[in-house]
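If you're matching them up, the sequences are chains Y and S in order.
Counted the way our numbering counts, the first sequence spans residues 653 to 899.
Counted the way our numbering counts, the second sequence spans residues 12 to 237.
Even for Gly, the Cβ is constructed at its ideal location relative to N, Cα and C.
Being a predicted model, the structure only gives us computed values, none of them experimental.
Everything below concerns the one structure shown next.
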Amino acid sequence: MTDLTLRLEGICKSFGSLSVLKDVDLDVNKGETKVLMGPSGTGKSTLLRCINLLDPPDTGRIWLDGREITAKGINVDEVRSSIGMVFQDFNLFTHLTALDNVRIGLVRVKGVDKKTATDMAMEELRRVDLAEKAASYPAQLSGGQQQRVSIARALALKPRLILFDEPTSALDPELTGEVLKVMSRLAEDGMTMVIASHEIDFARSAADEIVFMADGRIVEKGPPDVMFTSPQQVRTRDFFRRIGERH
Amino acid sequence: MLLEGAAETVRLTALMLALGAAVGLPFGVLHVYGPRILRVAVLDPIVVFFRGIPSLVLMMIIYFGASEIGLDLSGFIASILAIGVRSGIYQSQIVRGAIQSVGSGQMLAARAIGMSKWRAIRFIVIPQALRLALPPWSNEYAGVLKESSLAYALGVTELMRQGRYIVARTFGNSLLVYTVCAAIYFVLVFLGIRLLRKVEQRFSVPGFDAAPQGRAFFGRDLESSR
Ligand SMILES: Nc1ncnc2c1ncn2[C@@H]1O[C@H](COP(=O)(O)OP(=O)(O)OP(=O)(O)O)[C@@H](O)[C@H]1O
Ligand SMILES: [Mg+2]
């Protein structure tokens, strides 16, 4: 048996009368990288925000490492501290240096003492090749550097799983490479990741599975080579043909 | 003598502002993050109430109201209570505005690393909001400093009253004396604002006050990459 890190079962989510997620099931094994793709407005971001309970599902159940996190009486703050999240527009804390951005979760959430937290945070900054920018504020960093700091911020809490919501969509094309490189390295290191992204080349090389969503449902999923070359569903084929043309 | 009065004015102002901050910060935070019912049923009416009453009237009500119920407040204390609370209500609006201009992504990111709502407010939102609140707050400093002259009416020997004593005792030139008072107020406002600007610089974060521009910048990037 493989090690199941995340299990989603029957996830539904509506905003008012708009039904955004319709009965989504998904399993993610330890060390797997899954890339969510699909048209805009399909619910990819919503699904990611359901997983870390930023926007809890209306119905359906979620297990993290075998523990149901949608159960009553679960400490959602503790759950979120074990699931990393990387946002499209970085959302680094603007009043804190890169080092403090990475360290603050350790100190203020995990209660690690400052000295140890500093060492751990520096370690994560090194992992994203930004040790020399520890003292810089977000506004002094390029978009790509900011996104790598935000990855370090997520890594610092030693998460079971990291969610990425279009981590390179807000970046100039020449800056996406450095972020994708860090993410590929994490994938190789066995980090468990769920990534919403339109980066075909990255998905092809780093994903274990492509999950294609449309209209709030998972339409089809499979390994990248199959999904990109011979998907079963018409919608999947149309979608990949269209984003293929844009490249 | 005028300098003694000026010292009393500074003490009044400092205490009024301190009381104002002690009221304004929690009220401002509750205004944004507290339950809606609290905002609608309590905070908004209080704001409207204090906006509609002159500080002098408020001082009289507190001073004489207190003695009515057997509480003997000095003019000094009554002035501080009245203007301090008035300022607090105003400061709560400064704080509220500052909190609302901190990007919503900041709270989101803080919750995403597992901070509770109140921790996120304390460690992420408030430090940023206070920086944004400093420039409007220095206006409030100038306002309260000048408003403190109303304590004259309750017999507090602050700058204005000292001025009047001098005029009365020396049969002096009132125009000259009051002009000197004005000059002292002016210098206090000027120095205070200079000091607050120093504080602003001390806590300034590169690119922080330019945050809206920064966002516009990334917005443009987003457009051009489509
Ligand atoms: N907080 C919200 N309140 C109301 N509607 C929302 C909210 N969040 C998302 N939606 C709606 O839910 C739908 C799915 O949005 P979502 O952001 O999850 O899509 P997405 O697949 O991430 O799209 P994109 O590729 O553009 O990021 C959209 O129609 C969106 O308008
Ligand atoms: Mg999205």
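State the DSSP-derived secondary structure class of residue i, mapped to helix, strand or coil.
i, result
"methionine 126/S", "coil"
"methionine 689/Y", "strand"
"leucine 233/S", "The pLDDT assigned to leucine 233/S is 34, lower than 50, so where the model puts this residue is not dependable, and the model offers no usable value."
"serine 733/Y", "helix"
"isoleucine 177/S", "helix"
"glycine 95/S", "helix"
"arginine 812/Y", "coil"
"isoleucine 852/Y", "helix"
"aspartate 771/Y", "helix"
"methionine 865/Y", "strand"
"methionine 845/Y", "strand"
"isoleucine 100/S", "helix"
"glycine 225/S", "Residue placement at glycine 225/S cannot be trusted, given a pLDDT of 35 that sits under 50; what the coordinates show is reported in the next sentence. Glycine 225/S falls in the helix class under three-state DSSP."
"phenylalanine 739/Y", "coil"
"isoleucine 80/S", "coil"
"glycine 683/Y", "coil"
"isoleucine 663/Y", "strand"
"glycine 874/Y", "strand"
"glycine 712/Y", "strand"
"aspartate 675/Y", "strand"
"glycine 16/S", "helix"
"leucine 793/Y", "coil"
"aspartate 707/Y", "coil"
"threonine 746/Y", "coil"
"glutamate 169/S", "coil"
"aspartate 824/Y", "coil"
"leucine 700/Y", "helix"
"aspartate 817/Y", "strand"
Assuming residue i and residue j make a contact with CB atoms under 8 Å, what is their CB distance in whole Å?
i, j, result
"threonine 657/Y", "lysine 682/Y", "5 Å"
"valine 801/Y", "alanine 773/Y", "Not quite, the Cβ-Cβ distance comes to about 10 Å (not below 8 Å), so this is no contact."
"glycine 796/Y", "leucine 827/Y", "3 Å"
"leucine 673/Y", "glycine 868/Y", "5 Å"
"alanine 859/Y", "threonine 685/Y", "5 Å"
"alanine 804/Y", "valine 780/Y", "5 Å"
"alanine 750/Y", "alanine 786/Y", "5 Å"
"serine 149/S", "isoleucine 204/S", "5 Å"
"valine 96/S", "valine 113/S", "At roughly 26 Å, the Cβ-Cβ gap does not stay under 8 Å, so valine 96/S and valine 113/S are not in contact."
"alanine 769/Y", "leucine 758/Y", "4 Å"
"isoleucine 756/Y", "leucine 748/Y", "6 Å"
"glutamine 885/Y", "glutamate 872/Y", "5 Å"
"glycine 690/Y", "methionine 865/Y", "4 Å"
"valine 738/Y", "methionine 126/S", "The pair is not a contact, with the Cβ atoms about 16 Å apart (cut-off 8 Å)."
Report yes if the C-beta distance between residue i and residue j is below 9 Å; otherwise report no.
i, j, result
"alanine 179/S", "methionine 70/S", "no"
"arginine 812/Y", "leucine 660/Y", "no"
"isoleucine 862/Y", "leucine 838/Y", "no"
"serine 98/S", "leucine 30/S", "yes"
"lysine 696/Y", "aspartate 817/Y", "yes"
"leucine 28/S", "leucine 41/S", "no"
"asparagine 704/Y", "glycine 116/S", "no"
"leucine 13/S", "serine 90/S", "no"
"leucine 823/Y", "valine 834/Y", "no"
"glutamine 102/S", "glycine 45/S", "no"
"leucine 199/S", "alanine 25/S", "no"
"alanine 848/Y", "leucine 688/Y", "yes"
"glutamate 15/S", "glutamine 173/S", "yes"
"valine 155/S", "isoleucine 100/S", "no"
Please list the partners that residue i has in chain Y, where partner means a Cβ-to-Cβ separation under 7 Å.
i, result
"serine 127/S", "Asp729"
"glycine 116/S", "Phe739, Asp741, Asn743"
"isoleucine 135/S", "Phe745"
Residue i touches chain S at which residues, Cβ-Cβ below 7 Å?
i, result
"serine 733/Y", "Ile124, Gly125"
Using a cut-off of 9 Å between C-beta atoms, extract the partners of residue i located in chain Y.
i, result
"glutamine 139/S", "Phe745, Thr746, His747"
"arginine 142/S", "His747"
Just the chain S side, please: which residues come within less than 8 Å of residue i by C-beta, in chain order?
i, result
"glutamine 792/Y", "Pro217, Gly218"
"asparagine 704/Y", "Ala123"
"glycine 757/Y", "Ile124, Gly125, Met126"
"valine 761/Y", "Ile124, Gly125, Met126, Arg130"
For residue i, which residues in chain S fall below 9 Å Cβ to Cβ?
i, result
"leucine 809/Y", "Ile124, Gly125"
"arginine 805/Y", "Ala120, Ile124"
Is the shortest distance between the beta-carbon of residue i and the beta-carbons of chain C less than 9 Å?
i, result
"glycine 736/Y", "The question asks about chain C, but that chain is absent: this structure's protein chains are Y and S."
Query raised in the report: Taking contact to mean at least 3 C-beta pairs separated by less than 8 Å, is the region 879-889 of chain Y in contact with the region 167-177 of chain S?
Result: no
Requested in this report: State whether the region 671-679 of chain Y contacts the region 727-734 of chain Y, with contact taken as three or more CB pairs (one from each stretch) at a distance under 8 Å.
Outcome: no
Query - Stretch pair the region 779-791 of chain Y + the region 706-726 of chain Y: three plus CB contacts closer than 8 Å - result: no
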